[in-house]
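Peer 1:
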Amino acid sequence: MVLDTIAFALLAVVLVGSSLGAVTVRDVWHAALLLGVSLVTVAALYVTLAAELLAAIQVLVYVGGVLILITFAVMLTRRAEDEEEVSA
Amino acid sequence: MTVPVEWYLVLSAAVFCIGIFGILTRRNALIFLISVELMLNAANINLVAFSHFYGNATGQVFALFTIGLAAAEVAIGIGIILVLTRNFGEADVTLPTEMRW
Amino acid sequence: MIIEALLAVTLLGGIAVLLAPDRLAGKLAFGISLGPLLGGLWMFWQFDGSGNLMFDSAAKSFESSLSGTTLLSMGPWDVQWLAAVDGISLPLVVLSTILTTLAIVSAWTPIDERQSQFYALVLFMEAALIGVFTALDFFVWFVFWEGVLVPMVLLIGVWGGPRRKYAAIKFLVYTNVASAVLFVGFLGLLAGLDGTITSFALPEISQAIHAGELQGVGPFSPEELATVSFFAMFAGFAVKVPIVPVHTWLPDAHVEAPTPVSVLLAGVLLKMGTYALLRFNFTMLPEVAMANAELIAAIAVISILYGAMLALAQRDLKRIVAYSSVSSMGYVILGLVAFTVYGVGGATFQMLSHGLISGLLFMTVGVIYNTTHTRMVGDMSGLADRMPVASWVFVAGAFGYMGLPLMSGFAAELFVFIGAFGAEGLQYSPIFTALGMFGIVIVAGYLLSAMQKSLFGPFRLETDYEIGRAPFHDVAPLFVLLGLIVLLGVAPDVVFDMVESATQPIVDAAAENGGGA
Amino acid sequence: MVNAFDLVWLIAALPFLSFVVSVTVGRWLPKEGALPGIAATAGSLALSLWAFLTVRSSGAHYENELYTWIDAGGFELTFGVLVDPLSSMMLVLVSLVAFLVHVFSMGYMNDDELHREKGGFPRYYAGLGLFSASMLAFVFSSNLLMAFMFFELVGLCSWILIGFWFREEAPPSAAKKAFLVTRFGDYFFLVGVVGILVTFGTSGFADGGFPQIASHFLETGEGADHIWVPGDLDTQTWFSILGLLVLGGVIGKSAQFPLHTWLPDAMEGPTPVSALIHAATMVAAGVYLVARMFGFYAGLPTVLAIIAFIGGFTALFAASMGVVKDDIKQVLAYSTISQYGYMMLALGVGGYVAASFHLLNHAFFKALLFLGAGAVIVATHHHQDMWKLGGLKREMPVTYYTFLAGSLALAGIVPFSGFWSKDEVLYDALLIGLEQPLFLAAYAMGLLAVFLTGFYTFRMVFLTFHGEPRSEHAEHPEPLRWNTKGPLAVLGVLATVTGLLNMKPVAELIGNHDILYLENWLDSGTAANGGEWMGSLTYHHYGHLVHEVAGLHEGSPPPSAELAPIVFGAISLSLALGGALLAKSIYDVPEPERMTDRLGPVGRVVQRNYYLDEFQVWLATGVTEPVARASNTFDQGIIDGAVNATSSVSLFSGERVRRIQSGAVTNYVLVIVMSLIVFVVAVGIVGGWFL
Amino acid sequence: MALDTLGGEDWFLHLAPALVMIATALALFGVDALDPDSTNHRAVFGVTLAGTLAALGSAIALLFGMGPELGTTLFSDQLVADEASLLFTLIVTSVTSLVVLGSYDYLEDLPDKGEFYSLLLLAATGMVLMAHANSLATVFVALELASLPSYALVSFLTDNRGSVEGGLKYFLIGALSSAVFVYGISLVYAATGSLLLSDVGTAVTEGVDQTGVLGLGVLLMVAGFGFKIASVPFHFWAPDAYEGAPAPISGFVSSASKAAGFLIAFRVFTTAFPLGAMQDAGIDWVFVFGVLAVLTMLLGNLAAATQDEVKRMLAYSSIAHAGYVLIALAALKSGGAHNDWVLAGGMLHLFVYGFMNTGAFLFVALAEHWDVGRTFEDYAGLGEEAPVASAAVTVLLFSLAGLPVGGGFWSKFMLFGGAIQNGFWWFAAIGLAASALSLFYYWRLIRALWIDQPTDGGHELDGTPTGLYVAVLVAALVTVGLLVGVGPVAEVAFDAAGNLVG
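Chains as they are written, first to last, in the working numbering: chain A, 1 to 88; chain B, 1001 to 1101; chain C, 2001 to 2517; chain D, 3001 to 3691; chain E, 4001 to 4502.
#1: Would you grab the beta carbon distance between phenylalanine 1065 of chain B and valine 1005 of chain B for me? Rounded to a whole angstrom, and I think it's under 8 Å.
#2: So methionine 3109 of chain D packs on phenylalanine 3121 of chain D, CB below 8 Å; how close in whole Å?
#3: Quick one, which of D/Arg3470, D/Leu3096, D/Leu3463 and D/Thr3314 has its alpha-carbon nearest serine 3407 of chain D's?
#4: Does any residue of chain C bring its CB to less than 8 Å from the CB of threonine 2988 of chain D?
#5: Step through the CB atoms of chain C and report whether any lies within less than 8 Å of the CB of arginine 3629 of chain D.
#6: Is the shortest distance between the beta-carbon of serine 1095 of chain B and the beta-carbons of chain A less than 8 Å?
#7: For the region 3657-3673 of chain D, enumerate the residues whose C-beta is nearer than 7 Å to any C-beta of chain E, in chain order.
#8: CA-CA distance, arginine 4374 of chain E and alanine 4391 of chain E?
#9: Does DSSP put isoleucine 3310 of chain D in a helix, in a strand, or in coil?
#10: In whole angstroms, what is the alpha-carbon distance linking alanine 3527 of chain D and tyrosine 3542 of chain D?
#11: So what's tyrosine 2428 of chain C in DSSP terms, helix, strand or just coil?
#12: Got a sec: which bits of the region 4288-4308 of chain E sit with their beta carbon under 7 Å from any beta carbon on chain D, in order along the chain?
#13: By Cβ distance below 7 Å, which residues in the same chain neighbour alanine 4277 of chain E in space, the five residues on each side in sequence not counted?
#14: Taking only beta-carbon positions, decide if tyrosine 4441 of chain E is within less than 8 Å of chain B.
#15: Which value, in whole angstroms, describes the spacing of the CA atoms of leucine 1024 of chain B and phenylalanine 4064 of chain E?
#16: Return the residues of the region 4404-4429 of chain E that lie within a Cβ-Cβ distance of less than 8 Å from chain C, sorted by chain order.
#17: Kindly list the residues whose CB is nearer than 6 Å to the CB of threonine 2996 of chain D, restricted to its own chain and excluding five residues on each side of it in sequence; keep chain order.
#18: What does alanine 1071 of chain B touch in chain A if you count any residue whose Cβ is under 7 Å from its own?
#19: By Cβ distance below 6 Å, which residues in the same chain neighbour alanine 4367 of chain E in space, the five residues on each side in sequence not counted?
#20: Beta strand (DSSP E) containing tryptophan 3069 of chain D: first to last residue?
#21: Can you check whether the CB of alanine 2084 of chain C is closer than 8 Å to the CB of leucine 2038 of chain C?
#22: How about alanine 22 of chain A and leucine 34 of chain A: do their beta carbons lie closer than 8 Å?
#23: Sort E/His4132, E/Ser4255 and E/Ser4103 by Cα distance to serine 4076 of chain E and report the nearest one.
#24: Between glutamate 3222 of chain D and threonine 3199 of chain D, what straight-line distance do the alpha-carbon atoms span, to the nearest angstrom?
#25: Residues of the region 2425-2452 of chain C with a CB closer than 9 Å to any CB of chain D: list them in chain order, please.
#26: So the candidates are C/Arg2375, C/Val2367 and C/Asp2379; which of them puts its Cα closest to the Cα of methionine 2387 of chain C?
#27: Contact between the region 3019-3036 of chain D and the region 3064-3079 of chain D is defined here as three or more beta-carbon pairs at a separation below 8 Å; is this criterion met?
#28: Taking DSSP as the reference, what is the three-state secondary structure of glutamate 2294 of chain C?
#29: Can you find a C-beta in chain A that's less than 8 Å from the C-beta of valine 1015 of chain B?
#30: So which residues of chain A does leucine 1009 of chain B contact, with C-beta pairs closer than 7 Å?
#31: Would you kindly work out how many angstroms separate the C-alpha atoms of glycine 2185 of chain C and alanine 2238 of chain C, rounded to a whole number?
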C-alpha cells in the first residue's frame, strides 16, 4: 500500500525531474540521456500498473530504438555545428 | 491498485506540460523531438493507468501502437532534421523562415 | 422545345465559334446568333400564353415536355428543369437576342484581337441571358444568373479600355457580393417554407407564400422573415439594376467595356436586375413591398434624380449614357412599386425601351469612337459635319432617351408615371411621381448639352487622318434599333398586350395580399 | 360620298409624307424638298378649308378615334380627331401660314446663293414638314395626351430648325436653350397630363372629356365617384393644381414670363422658321391649348386670375424690352411675346373669343412682319441690325407696304386687324377688372403695353424703311422674286381685313350682333344643332362657367353702356397712336439717334432683358452644374470611396492578418498553444467544468 | 478461421481500395528494388496509376452496390464500411489518381521516383483507412499512417530549401499535434473507458463523472483535427508546407488529407460525442467549431487576398475552404431537422473541392514544370500560350469561388443553405462574404492568365506535359460535370450524413 505510493512518488519525482532536465539542459546530448532516463522511468511506471509487456516494449523500442536514433542524429547534427564553429 | 488514478492523471499532465514547455522554449529540432516524445509518453501513462483502472486492455494496446508510431515519427523526423541540417547548416528550427506571410 | 433549342443552339454555336479561326469568328457568330434571333421572333409571333407564370392561372406558352424533369435531388428537394415564358419574360428574351445579334455586328470594327474568344463569350452570355429570362427553377435560374457574370467580366477584362482590370474586378466582386446577399435572402424564404415545398420551382414557392405558408425561422416571425428576405433580395438585385447607392460599378464597367459589350451590359444585363425584382420581390412578397412602398419609391426617385445629376457632371459621352442608365432604371423601380397595371407594365416596357435606346446610344458612341478615337465632349465639336449619319442617329436616340413622343421612351415613362401617380398603396404618390418626372428635364439638359458641344458648332478635332463616314455594318444596327424604338413608341400595344396580361395577376395579388386598393 | 371629316387625318399626314420624302430622297429632288412641302401644305390647306366649310355648312362637329395607342388597365389612350369651330379655324390658319412659309422659303433659302447650306435643305424642308404635320395634328387632337405628344414633337422641330445652321456656334446653343426652357414648362405639363389622366380616367376634350366632368362637378357637385383626388385634398384645389401644371407647358411654349427667354434666342433660326414656328403657330400652341380645354379652366377662378395676371404682365414686360432692341427680329420676337401675353390675358378674363380673335389676327400680321423682315434680310445679305438699314422704302415697295400693314395691325391702329382684337381683349379685361382689382391690374398693364407697342412698332418701321440707307447693303438691296412677294401680299391683305370678323365696338354701337362672325362661329355648337355635348365646347358655355362657377362677374356697367366699347377702344387707339407718333418724332428723321443711351441704368437693365437670361444661365451653370459636380464628387468620393474603402480595408487587414504567419515555427507553436489554452479556458468557463 | 471472416464478413472486399493501394505500394518497392539505380519511370508510373485507378474503380463499384452490403463494421468494430467511408475513399482515390497522373511529368528529372509513388500510395492508404476508422485507436493509427509519408513527400525535394522548410514545419507541427491529439484521446479514454466511437458515445450519453477531463480531451482532439484540416489557428504549417512542397503534393495534401481529416472529425464528433449529451455536459464543441469556422474563413480569405505568389494564394484558399467545410460541424444543432443537410453539404464540398483544388495545384505544377515562375506577374499571358489548360483552371477557379460554373456552387449552396435551415444564418452570411472576397484573389490569377501582358515577352513553354494536361482537364471536366451531375453524389452524401447524424 504505502509501498506503492512511495514507488509512485519516487518514480514521479524522477520522471518529472528527468523530463524537465531533458528540455532545459543546454547540451543536446545530455538532453537525450535525460530523455532516456525518463523513458525508463515510464517503463517502471508501467510495471507498477501491471503492464509488464508494455514496459518491456517501451524499453526495447524507445530506449533501444528511438534513443539510439536520436543519439545518432545528435552526432550528425553536432558535427555540422562544430564545423561551423571551427570555420567561424 | 492503491495509488489513486487521478495521481497518474496529474503526473501525465505534468509531463505533457513539460513537453510543451520544451517545445516553446527550445530552438533545437532534436529537443523539439524529445519534447514530443515526452508528450506522447504522457499520453501513454494515461492510457496505461486507465487501462489498469478500467480493467480492460484497450488502453494498453493503444499505448503499444503509440509507441510504435512514435518510433516511426522519430525516424521520419530525424530524416527531415538531417536534410534541414544539410540545407541550413544547423538543426535550429527557427532558422528556416523563408516562407512566411 | 423551342426554349431548349435556343439555349442549345446558342451554347453549341458558342463552342463552334470558339474553335473557329479569328477571321471567320465574327461572321460565324453573326450567323449563329440569327438562330436564337429568329427563334425569339418566332416565339413572339406564336405566343399564345396569358397570365403570369408565377400564378396558377397562367396559360403557359412554349413549355416543353422536358419541363419538370428532375435534374438533381437534394435530400427532400428536387432541382427541376422548368422553362417557359410569359408576357414579361418573352419580350426580354427577344430583346436579348436582338441586341446580341446587333452587338455582334457592331463588334466587327472595334474588336480586332482574340476574336473567336470574344464572339464565343458573347454567345455564351446570350445563352445565359435566355436562361435567366426563361428558367423557373431557382437554382437553374441562379446558375444562369451567375453564368452571365463570367463571360461579362472576361469581356470587360480582356477587351476593355485602359482601366479594364479595375472595372472588371469591381464588377465581378460587386455583383457577386450582391448575388450572395440575394442568395441568402432567398434561402431565408426557403427556410420559411420548410416542409411546404418539395422543389425550388419559383411558381410553387410564390404560390406557397401567397397562400400564407411562410413560417418563422429562428428568431424571425413570418412577417419579419418576409421583410428580411425581401430586403436582402432587393439589395442583391439593386446592385444589378443598379439603384443608388450601389451603382458605382456601373460607370466603370460601362466605360471600360468595349462598345458591343456596353450595349449588352446596358441593354440586357441591367434588365436582369429589374426582371428579378419583378419576379421575386414584387411578385412573391407584394405585401412587404407595399408596406415599404414609400421607402422604395424614395429610393427610386433618388436614383432618378441623383443619377441624372451625375450624368450632368460627366464629360465622357459613354459615361453620360452610363449614368443615365441609373436614372432610367429608377423609373422601373418607381413603376414596380406602384402595383398598378400601368406601373408594373410600364416598368417592363421601360426595360425594353431602355434596352433599345441605351443600346442605340452606346452603339452610336462606339461608332463615333471608332472613327475619332475620343469620347470626350470637350475634345470634339461639329461632328455632324463629318459624320452626319452617326450624329443624327445619336440625336434621334438622345431624343428617344428624353422621352420624345412616338418613341418607346416616352411610352414607357408615361406608363410608369400614370401607374405611379395614382398608386393606391403608395402614400404621396403624386409627389413621388412628380419628383421622379423631373428627371426628364435633367436628361434633356445633359443630352442636349453633350450634343450641342460635340456634334454641333464648327468642326474641330485634331486628328492626323480624315474623319469619314462609318462603314455600313457599323450603322446598319443603329437603324434597326431606331426602327424598333419608333415601332414601340407608335404601337406599344405590340408588346404591351402581353405585358399587361402578365402584369394583371401581380397587381391583383398585391391588392389582395397587401390590403392596398 | 367622301366626307371632309374622314380626311382630316390627311391634313397632318400630307406634310408628314413630305417630311419622309425630304429625308429619304430630298437631296435628289429639284429645289431639294421645297416642292413636296409646298404641295403637301397646299393639300393640307385645301383639306382644312374643306373641313372648315363643312363645319360651317352643316354645323356638324366631328370627333373620331383614329388609332388606339394603348388600351390597358382600365382606360385607353387614343389618337383621335376633333373638328369643331375652334380647331377647324386653327387648321386653316396653320396650314395657310405653313403653305405661305414654304413658298417664301424657296425664295429665302434656295435662292440665297450666299448662305447655301450644302445638303442642308432636305433637312430644312423635312423639319418644316414634320413641324407642319405635328402642329396640325396637335390642332385636331381629340385629347390632351395626344395634344401633349404633338406638342412635344413641335418642340423637337423647333429645336431642329433653330439649330439649322449647326456649323455655327450660336444656333445650336439657342436651339438647346429653346428646347430646355420649353421642356421645363412641359415637365409641369406632363405632370398635369398624367394627373388629369389619373384623376378623370380620360383626357378627352369633348364629349365625356375631362373639361366636361370637371365643370359638371364644379357646377353640380355630381360625379365625385369618378374623380380621383389624392389624399384629402379639396377637389377644386386639386383641379386648380392640375390646371396650373398644364399651364406650365403653356407658359413655356407660348413664351410667357418667366419662361419667355428662349424665344428671342430662337431668332437664330432661319427667318421663315421664325415666322411659322416662333410667331404664328407653335407659340400659339400654348394659347390654343388653353382655349381647347377652356371648359376646364373656366371653372377655376384662381387659375384664371393667374393666367390673366401672367398675360398682362408679359404683355407689358416684353413690350418694354422690344423698345430697346436693335435687331429687327429681336423686336419682333419681343412683340410676339407681348402679343401672346394679351391672348393669355384674354383667356384669364374669360375672353375666349377675344383670345381666339387675337390669335388669328396675330398669326397673320406677325407672320407677315417676320416674312417682311425676312425679305429685308435676304435682300440685304443677312443684315438684321436696324441701324445698318434704313431707306428701304424706295427699293422695296411691296415689302414696305405689306410690312406697314402688318405694323399697323400690330400697333393696333384702326381699322387694321390688331386693333379690333386687342381692343376686345382689353375691354373684356376691364369688365372683369372692375369687379376684381387683380384683373384690373392686369388690364392696366395691358393698356400701358399698347403705348409701348405703338412705339416700338413704328420705331422699327421708321428705322428700317425710312430715312437714308445707313449701309452699303441697304443702299442696294437684292431684287426679290415672286416667291417672296406673293406670300407677303397674301398676308398683307389678311392683316388688313381679318379685323372685320369681330368688330365688337361696332356691333355694340349698331346693336347688330350678327356682324360678330367670329363670336357666332365659336358659339355655333349650340346655335347649329344644339347637340347636347357640343354645348360644352361653345363660347356660351364657357362664359356661363366663368360667370357662374368661377364667380367672375362683370363689373358694374360703365357709365354709358352703349358707348362703352367705343370709348375704351378710343382710349387704346389713342395710346397706340401716341406711341407711333412718338416714334415718328424720334426716328423718322434723316439721322436718327440711339436713344437708349439716354435712358441710363434703366435702359441698360431693359436692354439686358432685366438680366433674366443671366439669371437663367446662372441657374443652369451657377447652380445646377455645381450641384452636379458636387454630386459627382460625392459619388466618386463618398459612395464609390466607401466601396473602394471596403476593398482597401479588406486588403489592408489581409496584409496585417498574414503577418502572424511569421515563418518561425516556434511562434506558430506558441500561437497554437495559446489559442488552445484560450479555448479550454473559454469553453471551460462557459461549460462550467471548473465548478 | 477462414480468411474472409478474419475481420468480419467480406472484409477484404470492403477494404479493397486500401488493400489494392497497399499492394501497389509493395509492388512498387519490388519494382524499384529490382534495379534501384535506374528506375524505369514508365513502369513505376504505370503500376502506380493502375493501382490507384483500380482502387478508384473498386470504390466506385462498392458505392454502386456491387460489393457487400454497406454499413457493417470490421475487425471487432475497429473499422467501419459505410457510405461515408466509401465517399471519402472515392475522394482520396480520385485525388490520388489525378496527382499520380500529374506527377509523371513533374518527376521527370527528379530522383527517387519509386519512393515518391510508394509514399504517395501509403499516404493515400492511410487516408482511406481514416475514412474507415471507427475507434479512436484506428483513427490515430490511420492518421499517423497518412501523415508520416506526407511529411516525407512534402520535403521530397531535398535540395530545395523551400521544400525542406515546408516539410520541417509540417513535421514539427504535425508531431506536436499528434502528441496533443493522442493525449486528448487518452483523456477521453480516461473519462469513458473506451476507444470505440460508439462505446464512447454511449458512455457520454449515459454521463461521465469527469466532465473536465472529457472536455479537455475533446478540445485537444479538436486541436488535432484542426491541424489535419488546417483550420485556424492550427493552420500555421499549411501555407508554408503547401508552398514548399512539390505542387502535386500540395494538391494531394490539401485535398485528400484534408478530406480524410474532415471525415474522421465528422465521424468522431457525431458518433462519439453526441451533441445533445455534450452540450448538457457543458462541452459545446459546436461552438468551438463555429469559432474555428469563422476564424478560418476570415483569415484564410483575407490572407489569400494579399498574396503575391500563386501557390501560396492557393494554399490560403485551401485554408479558407476548410473554414467553409467547418460550417458542416459548426451548424449542427441538437435535434436540428437539417443536420443531415448540413453534414452532407460539408461532404459534398470536400468531394468537389478535391477536384477543384487538385486541379488548380496541378496547374501550378504545370507552371513549375515550365519554369514559369511563382508570382502572379510571372503567370501573365499564359492564357494565350496554353489556352486549354488556362481555360480549365479558369473554370476551376471560378468554381472554387462558388460561381455556378462547376460543382462548387452546389456544395457551397448545401453548406450555406443547410446552415440557414438550421438557423445559423450568420455562418452563411460570413461564408458568402468570404466567398465574394475569394473571387477577388482567384480573379487575380485569371486576370494574369488572360488579361495581363507578360512583362518580358512571354514564356518559353517547352513541351506539352500530357499527364499534367490530362489531370488538369479531367479535374476541370469533372468539376463542370458536377454542375449538372451532382445529384448522385449528393444522394450518397445525404445517405452518409444521415447515417452519422441519424
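Glycine included, C-beta positions come from ideal geometry on N, C-alpha and C. Remember, it's a predicted structure, so these values are computed and weren't measured experimentally.
Peer 2: Reading from the atomic positions:
#1: Along the second sequence, one-based indexing puts residue 1065 of chain B at 65. Along the second sequence, one-based indexing puts residue 1005 of chain B at 5. The Cβ separation is near 22 Å, so there is no contact.
#2: Taking the first residue of the fourth sequence as 1, we reach residue 3109 of chain D at position 109. Taking the first residue of the fourth sequence as 1, we reach residue 3121 of chain D at position 121. 6 Å between Cβ atoms; contact.
#3: Walking along the fourth sequence from the start, residue 3407 of chain D turns up at place 407. Nearest of D/Arg3470, D/Leu3096, D/Leu3463 and D/Thr3314 to serine 3407 of chain D, Cα basis: D/Leu3463.
#4: A question about residue 2988 of chain D goes unanswered here, because the residues of chain D that appear run from 3001 up to 3691.
#5: Along the fourth sequence, one-based indexing puts residue 3629 of chain D at 629. Closer than 8 Å to some Cβ of chain C, the Cβ of arginine 3629 of chain D qualifies, so yes.
#6: Residue 1095 of chain B sits at position 95 when you count from the first residue of the second sequence. Sequence inspection shows leucine at residue 1095 of chain B; the serine mentioned does not correspond to that position. With 8 Å as the cut-off, leucine 1095 of chain B does not count as an interface residue toward chain A.
#7: Val3657, Arg3658, Gln3661, Val3665, Tyr3668, Val3669, Val3671 and Ile3672
#8: Taking the fifth sequence and counting its residues from 1, one reaches residue 4374 of chain E at position 374. Taking the fifth sequence and counting its residues from 1, one reaches residue 4391 of chain E at position 391. Approximately 19 Å, taken between the alpha carbons.
#9: On the fourth sequence, residue 3310 of chain D is found 310 positions in, with the first residue counted as 1. Here isoleucine 3310 of chain D sits in helix by DSSP.
#10: Residue mapping note: residue 3527 of chain D aligns to position 527 of the fourth sequence, counting from 1. Residue mapping note: residue 3542 of chain D aligns to position 542 of the fourth sequence, counting from 1. Low local confidence applies: a pLDDT of 39 at alanine 3527 of chain D is under 50, so the model's placement there is unreliable, with the coordinate-based value given in what follows. Each residue's Cα considered, the two are about 15 Å apart.
#11: On the third sequence, residue 2428 of chain C is found 428 positions in, with the first residue counted as 1. In the structure shown, tyrosine 2428 of chain C sits in coil (DSSP, three-state: anything other than H, G, I, E or B).
#12: Val4288, Leu4299, Leu4302, Ala4303, Ala4305 and Thr4306
#13: What you label residue 4277 of chain E is simply residue 277 of the fifth sequence in a count that begins at 1. Counting only Cβ-Cβ distances below 7 Å, and skipping sequence neighbours, we find Val4204 and Thr4205.
#14: Locating residue 4441 of chain E in the fifth sequence gives position 441, counting from the first residue. Chain B, which has no Cβ nearer than 8 Å to the Cβ of tyrosine 4441 of chain E, makes this no.
#15: The residue you call residue 1024 of chain B lines up with position 24 of the second sequence. The residue you call residue 4064 of chain E lines up with position 64 of the fifth sequence. C-alpha separation (whole angstroms): 50 Å.
#16: Pro4404, Val4405, Phe4409, Trp4410, Phe4413, Met4414, Phe4416, Gly4417, Ile4420, Gln4421, Gly4423, Trp4425, Ala4428 and Ala4429
#17: The requested residue 2996 of chain D is not part of the displayed model; chain D covers only 3001 to 3691.
#18: Residue numbering aside, residue 1071 of chain B sits at position 71 when the second sequence is read from its first letter. The contacting residues are Val61, Gly65 and Val66.
#19: Taking the fifth sequence and counting its residues from 1, one reaches residue 4367 of chain E at position 367. Nothing meets the Cβ criterion.
#20: For this step, residue 3069 of chain D is matched to residue 69 along the fourth sequence. 3062-3072 is the span of the beta strand (DSSP E), which, as asked, contains tryptophan 3069 of chain D.
#21: On the third sequence, position 38 is the one that residue 2038 of chain C refers to. On the third sequence, position 84 is the one that residue 2084 of chain C refers to. Going by C-beta atoms, leucine 2038 of chain C is not nearer than 8 Å to alanine 2084 of chain C.
#22: Within the first sequence, numbered from 1, the residue matching residue 22 of chain A stands at position 22. Within the first sequence, numbered from 1, the residue matching residue 34 of chain A stands at position 34. Yes.
#23: Here residue 4076 of chain E refers to the residue found at position 76 when the fifth sequence is read from its first residue. With distances taken between Cα atoms, serine 4076 of chain E lies closest to E/His4132.
#24: Numbered from its first residue, the fourth sequence carries residue 3222 of chain D at position 222. Numbered from its first residue, the fourth sequence carries residue 3199 of chain D at position 199. Spanning the two alpha carbons is a distance of roughly 15 Å.
#25: Gln2427, Tyr2428, Ser2429, Pro2430, Ile2431, Thr2433, Ala2434, Met2437, Phe2438, Ile2440, Val2441, Ile2442, Ala2444, Gly2445, Tyr2446, Leu2448, Ser2449, Met2451 and Gln2452
#26: Here residue 2387 of chain C refers to the residue found at position 387 when the third sequence is read from its first residue. Taking only the C-alpha atoms, the option nearest methionine 2387 of chain C is C/Val2367.
#27: no
#28: Counting from one through the third sequence, the residue named residue 2294 of chain C turns up at place 294. Residue state, collapsed to three classes: helix.
#29: Within the second sequence, residue 1015 of chain B is the residue found at index 15, counting from 1. Interface residue, yes.
#30: Translated into the one-based positions of the second sequence, residue 1009 of chain B becomes position 9. Those do not exist, as leucine 1009 of chain B stays about 12 Å from chain A at its closest Cβ, beyond 7 Å.
#31: Mapped onto the third sequence, residue 2185 of chain C falls at position 185. Mapped onto the third sequence, residue 2238 of chain C falls at position 238. Cα-Cα distance, rounded: 13 Å.
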